[in-house]
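Asker: Mapping of the sequence shown onto this note's numbering: position 75 corresponds to residue 168, and the numbering continues sequentially without gaps. We put the CB at the ideal spot given by N, CA and C, even for glycine.
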Amino acid sequence: MQAKGRTVTEGEDLPDCPLCHRPIPRDVPQSLHHLIPKLRGGKGGPTVLMHHICHREVHAALTETELARHYNTPEALRGHPRLAKFAAWVAKRPPGFRSKVPGGTRKR
């Protein structure tokens, strides 16, 4: 499976998602998350490979400004109340679990 700019190949150990700590199988949608959003000065900065469902939840919960200022490490993301609740919920699912993440309305 290919993430933007990243492919997990045969024989390579499966990486763990930094939000939910589940392995990221090759056949599951995955994406690279810029720890500092590109529009907030993070172009070319550090990225982490995540399950697509986890990545969508991060962007549904936080604005780019919040990500840049306060939630620019995996530890900080896991410390956000909504993301911690999501991570605890999704961690009980199998690594290949897929679901739609409701978006549009940010709960603060």
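1. Count the other C-beta atoms from every protein chain shown that fall within 10 angstroms of the C-beta of V183, then say buried if there are 16 or more, exposed otherwise.
2. Using DSSP with H/G/I as helix, E/B as strand and the rest coil, what is A154?
3. Can you check DSSP and say which residues form a bridge with L125?
4. Is the region 144-161 touching the region 116-130, taking contact as three or more C-beta pairs under 8 Å?
5. Express the C-alpha separation of L142 and H126 in angstroms, rounding to a whole number.
6. Looking at C-alpha atoms only, which residue of V151, H114, D120 is the closest neighbour of N165?
7. Locate the alpha helix (DSSP H) running through L176, then write down its first and last residues.
8. Have a look at A181 and V121 and give me their C-alpha separation to the nearest angstrom.
Answerer: Reading it off the structure:
1. Locating residue 183 in the sequence shown gives position 90, where the first residue counts as 1. Per the 10 Å Cβ criterion, buried.
2. Here residue 154 refers to the residue found at position 61 when the sequence shown is read from its first residue. In this structure, A154 counts as helix in the three-state DSSP scheme.
3. The residue you call residue 125 lines up with position 32 of the sequence shown. Beta-bridge pairing links L125 to L142.
4. yes
5. As a position in the sequence shown, residue 126 is number 33, starting the count at 1. As a position in the sequence shown, residue 142 is number 49, starting the count at 1. Each residue's alpha carbon lies about 6 Å from the other.
6. The sequence position of residue 165 within the sequence shown is 72, counting from 1. Residue V151 is the option with its Cα nearest to N165.
7. One-based indexing of the sequence shown puts residue 176 at position 83. Counting along the chain, the alpha helix (DSSP H) containing L176 begins and ends at 174-183.
8. Against the sequence shown, residue 181 aligns to sequence position 88. Against the sequence shown, residue 121 aligns to sequence position 28. A181 and V121: Cα-Cα distance of roughly 19 Å.
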